[in-house]
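Some notes on the structure that comes next.
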Amino acid sequence: MSAGIRAHALISGRVQGVYYRASAAEQAAALGLAGWVRNLRDGRVELVAEGPPAAVEALLVWCAQGPAHARVVGVEVERDLPAGLSGPFVVRPSA
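Laid out in structure tokens, this is it:
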């Protein structure tokens, strides 16, 4: 059994310009996760997180709510084996 999991999430709704990426990074760091988050040109936010299954799932629960001014409509998630990300969770430039 793997010690960790990887989640790739696409979050839709009013999730840009509402402090979503920075808040997600803070949540992920507090949970001890590695990964990244960025805005996409189509208005969604993309997030990749790796770490203990319970911590990754807790972040995904947060993603469905987001920060106070966000209005999350949907979260599409793919789970996989970790790719070996390390270091702090970061906010990447928009794609």
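First residue of the sequence shown: 794, per our numbering; consecutive thereafter.
Where is the CB? At the ideal position from N, CA and C, for every residue including glycine.
{"query": "Please check the pair Val830 and Ala822, which I expect to be a contact at CB under 8 angstroms, by giving their CB distance rounded to whole angstroms.", "result": "So it is not a contact: roughly 11 angstroms between Cβ atoms."}
{"query": "Report yes if the C-beta distance between His801 and Leu826 is below 9 angstroms; otherwise report no.", "result": "no"}
{"query": "Give me the DSSP bridge partner(s) of Gly829.", "result": "Before going on, a small fix: residue 829 reads as Trp here, not Gly. The partner list for Trp829 (beta bridge, DSSP) reads Val841 and Val883."}
{"query": "Using 10 angstroms around the beta-carbon of Gln893, count the other beta-carbons present and answer buried if the total reaches 16, otherwise exposed.", "result": "No answer is possible for residue 893: it lies beyond the span of the chain, which begins at 794 and ends at 888."}
{"query": "Buried or exposed, going by whether 16 or more other CB atoms sit within 10 Å of the CB of Leu852?", "result": "buried"}
{"query": "Do you know offhand how far Ala876's Cα is from Ala815's?", "result": "23 angstroms"}
{"query": "So what's Arg834 in DSSP terms, helix, strand or just coil?", "result": "coil"}
{"query": "Note down the Cα distance separating Leu824 from Ala847, rounded to an integer number of angstroms.", "result": "9 angstroms"}
{"query": "Roughly how many angstroms lie between the CA atoms of Met811 and Ala796, to the nearest whole one?", "result": "A quick correction: the sequence has Val, not Met, at residue 811. Looking at the two C-alpha atoms, the distance is approximately 33 angstroms."}
{"query": "Report the rounded CA-to-CA distance for Glu871 versus Ala888, giving the unit in angstroms.", "result": "19 angstroms"}
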